[in-house]
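Before any comments, here is the structure.
Number of protein chains: 2
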Amino acid sequence: MGLGMHLGAWRYREGAAADYLDPRYYTEIARIAEDAKLHAIFLADTLALSEEHLRRPNLGALDPVVVLATLASVTSKIGLVATMSTTFNEPYNLARRFASLDHLSGGRVGWNVVTTFVPDVAANFGSANLPAHDDRYRRAGEFVEVVAALWDSWAEDALIGDKESDRFADPALVRPIDHAGAHFAVRGPLTVPRSPQRRPVIFQAGASEDGRNLAARTADVVFTVQNTLEAAREFRADLRARAPRREVKVLPGVVPIIGATREDALRRKEELDRLAGDEELRKLALRVGVPVDALDPDRPLPLELVRANTDFNASHGFRAAAVRLTEEEGVTVRELLYRNGGGHLQIVGTAADVADTLAHWFTCGAADGFNLMIDVLPDGLTRFTEGVLPLLRARGLFHDDYPGATLRANLGLTQGAR
Amino acid sequence: MGLGMHLGAWRYREGAAADYLDPRYYTEIARIAEDAKLHAIFLADTLALSEEHLRRPNLGALDPVVVLATLASVTSKIGLVATMSTTFNEPYNLARRFASLDHLSGGRVGWNVVTTFVPDVAANFGSANLPAHDDRYRRAGEFVEVVAALWDSWAEDALIGDKESDRFADPALVRPIDHAGAHFAVRGPLTVPRSPQRRPVIFQAGASEDGRNLAARTADVVFTVQNTLEAAREFRADLRARAPRREVKVLPGVVPIIGATREDALRRKEELDRLAGDEELRKLALRVGVPVDALDPDRPLPLELVRANTDFNASHGFRAAAVRLTEEEGVTVRELLYRNGGGHLQIVGTAADVADTLAHWFTCGAADGFNLMIDVLPDGLTRFTEGVLPLLRARGLFHDDYPGATLRANLGLTQGAR
Numbered sequence: 001m002g003l004g005m006h007l008g009a010w011r012y013r014e015g016a017a018a019d020y021l022d023p024r025y026y027t028e029i030a031r032i033a034e035d036a037k038l039h040a041i042f043l044a045d046t047l048a049l050s051e052e053h054l055r056r057p058n059l060g061a062l063d064p065v066v067v068l069a070t071l072a073s074v075t076s077k078i079g080l081v082a083t084m085s086t087t088f089n090e091p092y093n094l095a096r097r098f099a100s101l102d103h104l105s106g107g108r109v110g111w112n113v114v115t116t117f118v119p120d121v122a123a124n125f126g127s128a129n130l131p132a133h134d135d136r137y138r139r140a141g142e143f144v145e146v147v148a149a150l151w152d153s154w155a156e157d158a159l160i161g162d163k164e165s166d167r168f169a170d171p172a173l174v175r176p177i178d179h180a181g182a183h184f185a186v187r188g189p190l191t192v193p194r195s196p197q198r199r200p201v202i203f204q205a206g207a208s209e210d211g212r213n214l215a216a217r218t219a220d221v222v223f224t225v226q227n228t229l230e231a232a233r234e235f236r237a238d239l240r241a242r243a244p245r246r247e248v249k250v251l252p253g254v255v256p257i258i259g260a261t262r263e264d265a266l267r268r269k270e271e272l273d274r275l276a277g278d279e280e281l282r283k284l285a286l287r288v289g290v291p292v293d294a295l296d297p298d299r300p301l302p303l304e305l306v307r308a309n310t311d312f313n314a315s316h317g318f319r320a321a322a323v324r325l326t327e328e329e330g331v332t333v334r335e336l337l338y339r340n341g342g343g344h345l346q347i348v349g350t351a352a353d354v355a356d357t358l359a360h361w362f363t364c365g366a367a368d369g370f371n372l373m374i375d376v377l378p379d380g381l382t383r384f385t386e387g388v389l390p391l392l393r394a395r396g397l398f399h400d401d402y403p404g405a406t407l408r409a410n411l412g413l414t415q416g417a418r
Numbered sequence: 001m002g003l004g005m006h007l008g009a010w011r012y013r014e015g016a017a018a019d020y021l022d023p024r025y026y027t028e029i030a031r032i033a034e035d036a037k038l039h040a041i042f043l044a045d046t047l048a049l050s051e052e053h054l055r056r057p058n059l060g061a062l063d064p065v066v067v068l069a070t071l072a073s074v075t076s077k078i079g080l081v082a083t084m085s086t087t088f089n090e091p092y093n094l095a096r097r098f099a100s101l102d103h104l105s106g107g108r109v110g111w112n113v114v115t116t117f118v119p120d121v122a123a124n125f126g127s128a129n130l131p132a133h134d135d136r137y138r139r140a141g142e143f144v145e146v147v148a149a150l151w152d153s154w155a156e157d158a159l160i161g162d163k164e165s166d167r168f169a170d171p172a173l174v175r176p177i178d179h180a181g182a183h184f185a186v187r188g189p190l191t192v193p194r195s196p197q198r199r200p201v202i203f204q205a206g207a208s209e210d211g212r213n214l215a216a217r218t219a220d221v222v223f224t225v226q227n228t229l230e231a232a233r234e235f236r237a238d239l240r241a242r243a244p245r246r247e248v249k250v251l252p253g254v255v256p257i258i259g260a261t262r263e264d265a266l267r268r269k270e271e272l273d274r275l276a277g278d279e280e281l282r283k284l285a286l287r288v289g290v291p292v293d294a295l296d297p298d299r300p301l302p303l304e305l306v307r308a309n310t311d312f313n314a315s316h317g318f319r320a321a322a323v324r325l326t327e328e329e330g331v332t333v334r335e336l337l338y339r340n341g342g343g344h345l346q347i348v349g350t351a352a353d354v355a356d357t358l359a360h361w362f363t364c365g366a367a368d369g370f371n372l373m374i375d376v377l378p379d380g381l382t383r384f385t386e387g388v389l390p391l392l393r394a395r396g397l398f399h400d401d402y403p404g405a406t407l408r409a410n411l412g413l414t415q416g417a418r
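So the protein lines, in turn, are chains A and B. Numbering-wise, the UniProt record's numbering puts 239 at position 239 of the first sequence, and it's gapless, one number per residue. Numbering-wise, the UniProt record's numbering puts 206 at position 206 of the second sequence, and it's gapless, one number per residue.
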């Protein structure tokens with residue numbers, strides 16, 4: 001979230017740069033989103049201050065569970081999804097934190113499982129280097145397993161609460177998990193009785209082979225970087241094939257840049273890009289794993305150099321998306337930057353343009369929904385809720401009200417409920 | 001907090017046993033406390049479900065930072081103090097969590113530093129046994145040092161936020177901490193700019209030699225188990241002598257059991273004790289480190305057996321308080337149980353009785369204030385706020401309104417502000 005997903009957002013918007021530390025800012029965004037009946041607020045998490053975070057507000061600066069907990073008591077329906085790393089947390093603490101928030105929000109919580117690919121983080125947790133990609137994913141697989149077992153450790157009717165007979169809980173229905181694995185030994189049970197969703201909704205965003213397999217095994221929702229319809233369809237089909245017996249919703253990220261006219265949208269986009277300055281080029285270099293001076297705006301990405309980086313340890317999804325655009329369309333770095341650095345799908349246009357694209361992706365089987373990456377907050381969000389949502393509603397593609405009481409129900413997930 | 005500090009509270013009160021999982025319950029308590037201008041809400045933390053927690057609601061079942069974050073947005077002045085263990089957390093995560101909540105609450109956060117003495121916890125974090133007492137305290141000392149350095153890693157004016165000149169932060173004013181110690185290696189800086197209090201208020205409750213030294217070195221507020229005026233005065237004098245150049249506020253815990261008359265208070269107490277049943281005896285056995293069947297209600301604590309337990313690894317403060325009452329007053333186990341298991345000072349009487357005792361302890365130098373351990377919530381709290389506070393106000397011993405904007409200011413702590 002930060003102050004908007006565009007790197008120039010903090011300079012473009014009206015409010016102060018320090019708004020990303022202000023509870024009123026978050027409350028305002030949450031209220032707009034809930035009034036519009038959006039499914040959830042989704043927050044990133046950043047466990048290190050990298051150089052780039054001194055040049056613009058950091059998307060995941062504040063602890064996302066803390067932010068969402070403050071929002072739980074000023075909202076009543078919208079989902080609250082926090083990113084949290086399996087590499088730099090303990091499963092008992094994490095399971096307890098999400099179960100606590102699931103109780104206090106009435107069943108509206110989701111956990112976006114990440115393994116953390118930012119190298120700077122390791123040095124804040126006692127290590128010179130991040131664990132290797134496959135080590136992180138092995139730990140993540142076991143971590144999610146432990147957390148799920150802890151969430152299940154109280155049976156539904158374990159809490160009796162009969163004052164008369166002095167029976168608070170039924171010991172037979174509260175069980176240790178006795179997990180002993182390669183990474184964790186956790187006895188359990190959790191301190192927290194079963195929460196409204198039992199298991200908070202599991203989000204994931206792995207695009208690598210390890211990431212897809214973990215998602216297929218454990219995720220309810222997969223958040224993915226896709227910038228062409230065909231690749232998005234393939235990705236969704238691939239994930240569904242890997243999880244034939246599980247429900248998995250696939251949500252590509254999308255960056256809508258909306259104007260009253262296309263020209264107006266283009267002006268917004270160009271002004272944002274101007275304000276972002278060199279930030280986008282630096283970000284692209286990090287995303288594809290090459291030095292920034294290896295990128296010439298007038299030439300395509302140096303794919304040989306990209307592929308030569310065999311130590312690449314960052315997001316496979318972002319790199320693959322940028323490489324794909326370069327290969328398939330032969331775009332220059334400048335064009336890539338213009339198209340959101342080759343990352344999430346960007347739609348620059350009117351509300352009708354955005355609605356058309358989203359509807360098309362949805363009906364073509366490229367998406368079960370979208371993770372909105374709002375360019376500038378709160379302004380870009382109201383452009384979406386006031387402009388795009390009525391058009392989607394008119395086509396029967398978006399609900400008029402929340403259909404259920406929990407995030408799981410509102411996402412149409414029928415499995416995994418209590 | 002739970003549903004009240006008395007072990008019989010959940011059966012005595014009107015509400016449901018599951019209220020301790022309900023956000024409306026916490027909001028109600030917070031509003032009563034804030035309307036009365038109490039300084040802070042103080043929450044325990046429990047990282048394991050012990051057998052006893054199947055017999056009554058667990059005081060620290062929910063993650064306390066999550067609970068307090070939900071309360072931050074429905075309160076505006078009251079302090080929010082969460083207990084969190086230095087043995088089972090990472091300093092970077094903890095520093096970031098508290099700094100985040102300090103921002104989102106406008107500077108109302110405190111951290112109660114504990115090393116965790118409950119043996120069951122270790123098994124939820126990969127170890128058969130808790131680290132030894134002195135190991136835990138060495139880690140705690142270094143942990144607090146790292147956290148404080150992280151809180152200081154952004155200078156006050158580091159966040160510039162000048163959109164025009166594209167200067168978000170001043171890199172020269174945001175510094176790595178480069179900590180390399182026996183337990184932690186943490187580079188920093190924190191992802192979060194300096195929060196309103198800079199350093200959330202540090203609470204501590206160590207009563208052992210190690211605990212007192214850590215408190216003298218790092219705590220702003222010391223929460224202590226004291227059940228005689230003389231011992232409380234000695235403790236406070238001892239701590240102040242250990243910290244000659246630092247401000248340290250000493251707050252003994254106090255359990256007021258308030259009735260309209262003394263007879264009424266006694267009836268409340270007896271009914272609570274009856275409802276608690278054997279729980280109090282079991283709790284006392286754990287607190288002093290002997291098997292429950294070694295306790296005979298009609299005889300004093302078996303002090304030889306208590307002293308023979310050289311592996312004692314639980315709260316030194318609780319054990320010392322129970323031993324002291326036994327030694328000084330020769331009380332039986334039954335009398336000890338009646339007096340809150342020899343733990344925190346218990347006052348059974350009218351609001352005037354409670355006000356008299358608190359005023360006496362305060363004016364005698366036994367306390368700078370008190371940590372209220374309310375018997376039954378919310379009822380016991382309103383008895384205190386409506387009965388006792390007006391009497392303390394009439395004597396000029398309690399403020400009519402919050403004097404400051406931050407918890408640090410409201411506690412009268414003048415050092416350590418930004």
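For each residue, glycine too, the CB sits at the ideal point set by N, CA and C.
So what's B/Ala417 in DSSP terms, helix, strand or just coil?
As a first step, residue 417 of chain B is located in the second sequence; it is residue number 417 there, counting from the start. Note that B/Ala417 scores a pLDDT of 44, beneath 50, so its modelled location is shaky; the value from the coordinates is reported in the next line. In this structure, B/Ala417 counts as coil in the three-state DSSP scheme.
In the DSSP assignment, find the unbroken beta strand (DSSP E) run with A/Thr154 in it and report its ends.
Your numbering for residue 154 of chain A matches position 154 in the first sequence. One detail in the question is off: residue 154 of chain A reads as Trp in this sequence, not Thr. Careful: A/Trp154 lies outside any beta strand (DSSP E) and carries neither H nor E.
Rounded to a whole number of angstroms, what is the C-alpha to C-alpha distance between A/Ala185 and B/Gly110?
On the first sequence, position 185 is the one that residue 185 of chain A refers to. On the second sequence, position 110 is the one that residue 110 of chain B refers to. Roughly 31 Å separates the two Cα atoms.
Give the interface partners of B/His133 over in chain A, defined as CB-CB distance under 9 Å, in chain order.
The residue you call residue 133 of chain B lines up with position 133 of the second sequence. Those do not exist, as B/His133 stays about 22 Å from chain A at its closest Cβ, beyond 9 Å.
For B/Ala352, which residues of its own chain have a beta-carbon under 7 Å away from its beta-carbon, when the five flanking residues on both sides are left out?
Here residue 352 of chain B refers to the residue found at position 352 of the second sequence. Excluding residues within five positions, the ones whose Cβ falls inside 7 Å are Leu391.
With DSSP as the reference, identify every bridge partner of A/Trp111, one or two as the case may be.
Position 111 of the first sequence, counting from 1, holds the residue named residue 111 of chain A. In DSSP, A/Trp111 forms a bridge with A/Ala82, A/Ile202.
Identify the continuous beta strand (DSSP E) that holds A/Leu284 and give its terminal residues.
Working through the first sequence from its first residue, we reach residue 284 of chain A at position 284. Run containing A/Leu284: none in the beta strand (DSSP E); it sits in the alpha helix (DSSP H), 279 to 288.
Could you tell me which of A/Thr406, A/Leu345, A/Arg383, A/Leu413 sits nearest to A/Ala36, measuring between CA atoms?
Your numbering for residue 36 of chain A matches position 36 in the first sequence. Taking only the C-alpha atoms, the option nearest A/Ala36 is A/Arg383.
Could you check the C-alpha separation between B/His133 and A/Ala123 for me, to the nearest Å?
On the second sequence, residue 133 of chain B is found 133 positions in, with the first residue counted as 1. On the first sequence, residue 123 of chain A is found 123 positions in, with the first residue counted as 1. Each residue's Cα considered, the two are about 28 Å apart.
Taking only three categories from DSSP, how would you classify residue 448 of chain B?
Outside the shown range of chain B (1 to 418) lies residue 448 of chain B, about which nothing can therefore be said.
From the DSSP output, in three-state form, read off B/Ile258 for me.
As a position in the second sequence, residue 258 of chain B is number 258, starting the count at 1. Reduced to three states, the DSSP call for B/Ile258 is strand.
Along the region 262 to 279 of chain B, where does the CB come closer than 7 Å to a CB of chain A? Name the residues.
Gly277
Are the beta-carbon atoms belonging to A/Val225 and A/Ser315 less than 9 Å from one another?
The residue given as residue 225 of chain A occupies position 225 in the first sequence. The residue given as residue 315 of chain A occupies position 315 in the first sequence. Closer than 9 Å, so yes.
Suppose the cutoff is 7 Å on Cβ atoms and the five residues either side in sequence are ignored; what does the same chain contact list for B/Lys77 look like?
The count along the second sequence starts at 1 and reaches residue 77 of chain B at position 77. Within the same chain, B/Lys77 has close Cβ partners Glu34, Tyr402.
Under the three-state reduction of DSSP, which class applies to B/Pro300: helix, strand or coil?
Mapped onto the second sequence, residue 300 of chain B falls at position 300. Of the three classes helix, strand and coil, the one that applies to B/Pro300 here is coil, per DSSP.
Looking only at its chain, what residues have a beta carbon closer than 6 Å to the beta carbon of B/Gly342, apart from the 5 residues adjacent to it on each side?
On the second sequence, residue 342 of chain B is found 342 positions in, with the first residue counted as 1. Within the same chain, B/Gly342 has close Cβ partners Ala321, Ala322, Leu325, Leu336.
Can A/Ala40 and A/Leu411 be called in contact, C-beta distance under 9 Å?
For the purposes of this step, residue 40 of chain A is taken as the residue at position 40 of the first sequence. For the purposes of this step, residue 411 of chain A is taken as the residue at position 411 of the first sequence. In contact: A/Ala40 and A/Leu411 (Cβ atoms closer than 9 Å).
Give the list of continuous alpha helix (DSSP H) stretches no shorter than 4 residues that lie fully inside the region 55 to 107 of chain A.
64 to 72, 91 to 104
Taking the alpha-carbon positions, what's the B/Asp273 to B/His53 distance?
As a working note, residue 273 of chain B is residue 273 in the second sequence. As a working note, residue 53 of chain B is residue 53 in the second sequence. Distance between the alpha carbons of B/Asp273 and B/His53: 18 Å.
Relative to the ligand NAP, is the shortest distance from any of its heavy atoms to the C-beta of B/Glu280 smaller than 8 Å?
The ligand NAP is absent from the structure shown, which contains no ligand whatsoever.
Below 8 Å on the Cβ atoms is my guess for B/Val65 versus A/Val66; work out the distance and round it to an integer in Å.
Within the second sequence, numbered from 1, the residue matching residue 65 of chain B stands at position 65. Within the first sequence, numbered from 1, the residue matching residue 66 of chain A stands at position 66. Confirmed, Cβ separation roughly 7 Å.
Could you tell me the alpha carbon to alpha carbon distance between B/Ala216 and B/Glu209, rounded to whole angstroms?
Within the second sequence, the letter at position 216 stands for residue 216 of chain B. Within the second sequence, the letter at position 209 stands for residue 209 of chain B. The straight-line gap from Cα to Cα measures roughly 11 Å.
How would you label B/Glu90, buried or exposed, when you count the other beta carbons within 10 angstroms and need 16 or more for buried?
As a first step, residue 90 of chain B must be located in the second sequence, where it is residue number 90. Buried, since its Cβ has 16 or more Cβ neighbours within 10 Å.
Who are the neighbours of A/Glu34 on chain B, taking C-beta pairs under 7 Å?
Within the first sequence, residue 34 of chain A is the residue found at index 34, counting from 1. Going along chain B, no residue has its Cβ under 7 Å from A/Glu34, so there is no contact; the nearest lies around 14 Å.
Once the 5 residues before and after B/Val121 are set aside, which same chain residues still bring their CB inside 6 Å of it?
Position 121 of the second sequence, counting from 1, holds the residue named residue 121 of chain B. Counting only Cβ-Cβ distances below 6 Å, and skipping sequence neighbours, we find Leu47, Ala48.
Counting only C-beta atoms, is A/Gly163 closer than 9 Å to chain B at any point?
The residue you call residue 163 of chain A lines up with position 163 of the first sequence. Before going further, note that residue 163 of chain A is Lys rather than Gly in the sequence given. It does: the Cβ of A/Lys163 has a partner Cβ on chain B nearer than 9 Å.
Residue range of the beta strand (DSSP E) that A/Gly349 falls in?
Counting from 1 along the first sequence, the entry for residue 349 of chain A is found at position 349. Run containing A/Gly349: 345 to 349, per the beta strand (DSSP E) assignment.
Whole angstroms are fine: how far does the CA of B/Lys163 sit from the CA of A/Val250?
The residue labelled residue 250 of chain A in the question sits at position 250 within the first sequence. The residue labelled residue 163 of chain B in the question sits at position 163 within the second sequence. Spanning the alpha carbons of A/Val250 and B/Lys163 requires a straight line of approximately 37 Å.
Would you verify that the beta carbon of B/Gly60 is, or is not, closer than 9 Å to some beta carbon of chain A?
Locating residue 60 of chain B in the second sequence gives position 60, counting from the first residue. Closer than 9 Å: yes.
Judging by CA-CA distance, which residue of A/Glu28, A/Thr310, A/Pro189, A/Asp278 is the nearest neighbour of A/Asp296?
The residue labelled residue 296 of chain A in the question sits at position 296 within the first sequence. Restricting attention to A/Glu28, A/Thr310, A/Pro189, A/Asp278, the CA atom closest to the CA of A/Asp296 is found in A/Asp278.
A/Arg268: which of A/Leu59, A/Gly349, A/Gly2 sits nearest, CA to CA?
Indexing the first sequence from 1 puts residue 268 of chain A at position 268. Closest by alpha carbon: A/Gly349.
So the alpha helix (DSSP H) A/Ala322 belongs to, where does it begin and stop?
Taking the first sequence and counting its residues from 1, the one referred to as residue 322 of chain A is at position 322. Where A/Ala322 is concerned, the enclosing alpha helix (DSSP H) stretches over 316 to 329.
Which whole-angstrom value describes the C-beta separation of A/Gln346 and A/Ile258, a residue pair presumed to lie in contact below a C-beta threshold of 8 Å?
Against the first sequence, residue 346 of chain A aligns to sequence position 346. Against the first sequence, residue 258 of chain A aligns to sequence position 258. Contact flag wrong, Cβ pair sits at about 11 Å.
For the region 188 to 206 of chain A, which residues have a beta carbon sitting closer than 9 Å to at least one beta carbon of chain B?
Gly188, Pro189, Leu190, Thr191, Val192, Pro193, Ser195
Report all residues from its chain with a CB closer than 7 Å to the CB of B/Ala232; omit the five preceding and five following residues, and keep chain order.
In the second sequence, counting from the first residue as 1, residue 232 of chain B sits at position 232. Answer for B/Ala232: Gln226, Pro252, Trp361, Ala366, Ala367, listed in chain order.
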